[in-house]
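One structure is given below, encoded as structure tokens.
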Amino acid sequence: MDRSKDNGTQSPVPVGTAKGPGETPQEFLLISPDREQRLKTGEFVYYADPRDPLNRPIFGRIAERRPARLYPDDFLADPSVPPQAVADLYGYEGDAELFELSVRVLGYFDEQLRAFVNPRISPRVGWPIFLASDAMVAKILNKRAIGSVGAVHVGSLLSRDLGAVPIVLSGRDFTSTHLAILASTGAGKSYLAAVMIEELMKPQNRACVLIIDPHAEYDTLKEMERHPAFVASDGYAPVVKVLRPADVHVRFSTLQVGDLRYLLDLSDRMDYVLSEAHRAVLSKSQREAGVADQWTPDDLIREAHAFAARKKDEDDGSDYRSSAGSLEWRVRQLMNRAQVLDDTRHLDLRTLFQPGQCTVLQLDEVDQREQQIVLAVLLRRLYQARQDTERQRARRNSELYLPYPAFVLLEEAHHFAPGGEGTNRVASAEILKTILAEGRKFGVGVGLISQRPGKLDQDVLSQCMTQILLRIVNPIDQSNVAAAVEGASRDVLDELPALSKGQAVIVGASVNAPALVAVRERHTPHGGQDQDAPQRWVDYNNPARQAERERETAPDARPALENPLFLPERPSAIPKKDLSFEDFFGPDPER
Amino acid sequence: MESRDEPREIGKIVGSNDHSDYVVQVHAPGEVEITPAPADRAFGQFVEIAVDEDYRLIGVIYTTQLVNPAYGTLGPRLSTERELPVFSPDYLAETATLLGISIVGTAQTAGHGIIWNQRTPTLAGDLDAPVRRLAAADFLAFHRPTGQVQVAYFPRLLARPFPGLPDLLCAILDGLIAAFPNEAARLSVARQNIRWRAAIPAR
């Protein structure tokens, strides 16, 4: 009988016997023959202290499994003869193998605190140890029941039958104290993230979510709008807005001096002119329009020239006119080349953020610096809006009035907050750090997804109180995760290289104890799949397809205007590498 | 009752070293009707010792010792070797062939059958109790106490090693492999391990 399925009506059968204290005060050892091989690492066991009048089960998590007694190697000499057969020959009956299991004590589960309380003493030698039933594990691990407000059902416990112990994260925790999803490429990060978004958009949550999607792989979430799993009887159905790069606009006047510096690559003198000109346009806009961001690049250029002329008139020996000229050239080049910057248009916060709406900002054709600027500007405005609204400084009709929390999911987070010396040079790093540190007070949550946790800023990573780790093979990434992830003990980290696709370790604020999870299937199709190159090559060479191509490219079949000599210039794809100044603007007249 | 060929008596118990290690004196010519041949008391030969009507000890010959009080007595004799049986018949009887026998199990008659057991016996043999060669069929039956071939007494023998032990055990296993080809695989694993340990001692 599978005791893990008992519902408490039958007295459980012990699976092992306590041997004594372990290496650390939080550990104890147990000995078990484990005939059915159920005591896997990560599995939950419990014992009861007979002195406890409430007879509360004290739970622990199996951290390590070592052999205590095995068949001699001699018995394994012939692969066709099982060692049991040799043991039978010598008249041995009974359990051959014994295992010593190291158990990390979680404690008894306090219903009031909804947390584990460690009894701080290991069980006595000989006390029976039991395997926690499915119902027990589900109750102690999950902070929420499936379907309740804040419930984010991501899958089921890996060590039990599929679906036997659902793992339900607390959406309230990770949307306020932030989330990190870390894994190697192909381990299922975006799949898991999409599962979590699906859960957030279900009728019990109706979340306000923005996804920064540099690879355009979340657009399949659009199908949530029609899927029955997301429709409520009160008429609710999630709205999924997918914004293509052409729809993404950042108004030039919302850029800060730092952003402009980051985009323009300035000399010290130009930087000085820019700072002065920027200050002047802000105060002028504030004076004339009542707000600080009603100005255009032309206004900035005018102020730069005005400043240079003023300095010349003051005749203090400095001539900034050429710097102002260079600055103008750079600003105009930037406006010509940048895809997302716009004189007047920008993304309205209220359009992006609405409860029950998931907005996917696809930035797949946008240069990385511009992606960082888009994120920096958006997060700054979001954070400002939430601060102003919470502090009742924003009027109801104001653009910065956002009376509900928002959650931003950020793919390729290491591009937006890289670690090491590069962190301060990236425009989006500072606001991300601010939100990760302070965002919970104002209801701005961030979910970071990264395949290179080693390249992610460690301060940023350590601020994410819920961490979901999928397979990580790279030892440098593993040690970075170990350093940054508070809740991950050594035994949890040891699991990382062995996880399969779609299996995850969840630690931190959204679960009561670390859990190994098999991620559930998505309701919507997955968009982040790899290309099947060999199949596409074969398809390309298919005779029927070849013939089709020949027909399409035959000279007489093409309209005269489409003669290759006169083809209109196609919009050039922006290279993905970090651009140098010259790549971005051409030769610099000042250099 | 299982059929058995007539067991030949080869000697009698004259002493013991412990509960399951007996010293047996081989019958000398003239003591019994058929003097046991050397093959009857060979190294590795299985024997039985009746404790009572229903209970027999099963043992195996693991050593042979020749006792000769005259060895080293090199003084002159009044009579020749050929005249000795006539003038001092007791002197001849002082030479003896002794066997070391390790008890490896028991056979107990129960109803119409026999329960074979490879554990240390609870009952011990008596002095002068006759020791008989174990019939071939009983050797095989003893090694299948539960229907499967078993040598559960091996660990006890291995606990008191002597130079000839690996050969003794291998001889037993060879006999079983020949008799039970179906069990040859696992018996060969055991034989191989014994040979390995004998040939390549742990360093």
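Note that the protein sequences, when read in sequence, are chains E and H.
Count the first sequence with the working numbering and you get residues 1 to 591, in order.
Count the second sequence with the working numbering and you get residues 592 to 794, in order.
Each residue gets a CB set at the ideal place from its N, CA and C atoms; glycine is no exception.
Mark residue i as exposed unless 16 or more other C-beta atoms lie within 10 angstroms of its C-beta, in which case mark it buried.
i	result
residue 533 of chain E	exposed
residue 787 of chain H	exposed
residue 366 of chain E	buried
residue 51 of chain E	exposed
residue 603 of chain H	buried
residue 661 of chain H	exposed
residue 753 of chain H	exposed
residue 564 of chain E	Note that residue 564 of chain E scores a pLDDT of 46, beneath 50, so its modelled location is shaky; the value from the coordinates is reported in the next line. It is exposed - the Cβ of residue 564 of chain E has fewer than 16 other Cβ atoms within 10 Å.
residue 425 of chain E	exposed
residue 364 of chain E	exposed
residue 205 of chain E	buried
residue 620 of chain H	exposed
residue 13 of chain E	exposed
residue 561 of chain H	No statement about residue 561 of chain H is possible, as the shown extent of chain H runs from 592 to 794 and does not include it.
residue 449 of chain E	buried
residue 552 of chain E	exposed
residue 162 of chain E	exposed
residue 389 of chain E	buried
residue 371 of chain E	buried
residue 538 of chain E	exposed
residue 619 of chain E	Outside the displayed range of chain E (1 to 591) lies residue 619 of chain E, so it cannot be described from this structure.
residue 454 of chain E	buried
residue 765 of chain H	exposed
residue 520 of chain E	buried
residue 147 of chain E	exposed
residue 562 of chain E	In this prediction, residue 562 of chain E has a pLDDT of 48, which is less than 50 and means its spatial position is unreliable; what the coordinates show is noted afterwards. Residue 562 of chain E should be labelled exposed.
residue 379 of chain E	buried
residue 608 of chain H	exposed
residue 435 of chain E	buried
Mind reading off the beta-carbon distance from residue i to residue j? Whole number of angstroms is fine, and I expect it under 8 Å.
i	j	result
residue 107 of chain E	residue 118 of chain E	4 Å
residue 484 of chain E	residue 461 of chain E	4 Å
residue 640 of chain H	residue 690 of chain H	Wrong, their Cβ atoms sit about 12 Å apart, outside the cutoff.
residue 509 of chain E	residue 141 of chain E	Not really, about 13 Å apart at Cβ, beyond 8 Å.
residue 156 of chain E	residue 376 of chain E	Wrong, their Cβ atoms sit about 38 Å apart, outside the cutoff.
residue 357 of chain E	residue 242 of chain E	Not confirmed; about 11 Å, so no contact.
residue 601 of chain H	residue 647 of chain H	Going by Cβ atoms, the distance from residue 601 of chain H to residue 647 of chain H rounds to 15 Å, so no, they are not a contact pair.
residue 212 of chain E	residue 410 of chain E	5 Å
residue 478 of chain E	residue 493 of chain E	6 Å
residue 516 of chain E	residue 159 of chain E	6 Å
residue 307 of chain E	residue 280 of chain E	7 Å
residue 645 of chain H	residue 700 of chain H	4 Å
residue 497 of chain E	residue 481 of chain E	About 12 Å; that fails the 8 Å criterion.
residue 757 of chain H	residue 789 of chain H	4 Å
residue 221 of chain E	residue 360 of chain E	6 Å
residue 692 of chain H	residue 755 of chain H	Rounded, the Cβ-Cβ distance is 14 Å, inconsistent with contact.
Does the ligand GTP have a heavy atom nearer than 7 Å to the CB of residue i?
i	result
residue 156 of chain E	For the ligand GTP, the structure offers nothing, since it holds no ligand at all.
Short-range partners of chain H found in the region 42-61 of chain E, where Cβ spacing is below 8 Å:
none
Secondary structure, alpha helix (DSSP H): runs of 4+ residues fully inside the region 267-352 of chain E
268-289, 297-314, 321-337 and 349-352
Output needed in chain order: residues of the region 81-104 of chain E with a Cβ under 7 Å from some Cβ in chain H.
81, 85, 86, 88, 89, 90 and 91
Starting from the N-terminal side, write out each stretch of the beta strand (DSSP E) that is 3 residues or longer and does not extend beyond the region 477-550 of chain E.
503-508 and 515-519
Residues within the region 688-717 of chain H neighbouring chain E, beta-carbon criterion of under 7 Å
709
Suppose only complete runs of 3+ residues qualify. What are the beta strand (DSSP E) ranges in the region 74-156 of chain E, listed by chain order?
98-110, 115-117 and 128-131
According to a CB-to-CB cut-off of less than 8 Å, which residues of the region 459-488 of chain E neighbour chain H?
none
By the 9 Å beta-carbon criterion, what residues does the region 68-80 of chain E contribute toward chain H?
72, 74, 75, 76, 77, 78 and 80
To be precise: take each residue of the region 737-757 of chain H, compare its Cβ to all Cβ atoms of chain E, and keep it if any distance is under 7 Å. Which residues remain?
739, 740, 741, 742, 743, 745 and 746
Which residues, in chain order, does the region 768-784 of chain H contribute to contact with chain E at a C-beta distance below 9 Å?
774, 776, 777, 778, 779, 780, 781, 783 and 784
Taking three-plus beta-carbon pairs below 8 Å as touching, is the region 91-108 of chain E in contact with the region 60-75 of chain E?
yes
Does the region 770-780 of chain H come within contact of the region 73-83 of chain E, defined as at least 3 CB pairs closer than 8 Å?
yes
Which full runs of the alpha helix (DSSP H) of 4+ residues lie inside the region 155-240 of chain E, going along the chain?
171-177 and 189-200
Mind pulling the beta strand (DSSP E) runs of 3 or more residues that sit fully within the region 668-736 of chain H?
687-701, 704-708 and 721-724
Residue ranges of each alpha helix (DSSP H) within the region 430-480 of chain E, 4 or longer:
458-462
Cβ pair count under 8 Å reaching 3, the region 138-152 of chain E against the region 165-178 of chain E:
yes
Taking contact to mean 3 or more Cβ pairs, one atom from each stretch, closer than 8 Å, check whether the region 33-46 of chain E and the region 55-62 of chain E are in contact.
yes
Would you call the region 378-387 of chain E and the region 396-403 of chain E touching, i.e. three or more CB-CB distances under 8 Å?
yes
Any chance the region 698-716 of chain H sits against the region 732-742 of chain H, with 3 or more Cβ pairs inside 8 Å?
yes
Inspect the CB distances between the region 326-335 of chain E and the region 263-280 of chain E and report whether three or more fall short of 8 Å.
yes
Kindly provide the ranges of any beta strand (DSSP E) runs that are 3 or more residues long and lie completely inside the region 380-432 of chain E, ordered along the chain.
406-410
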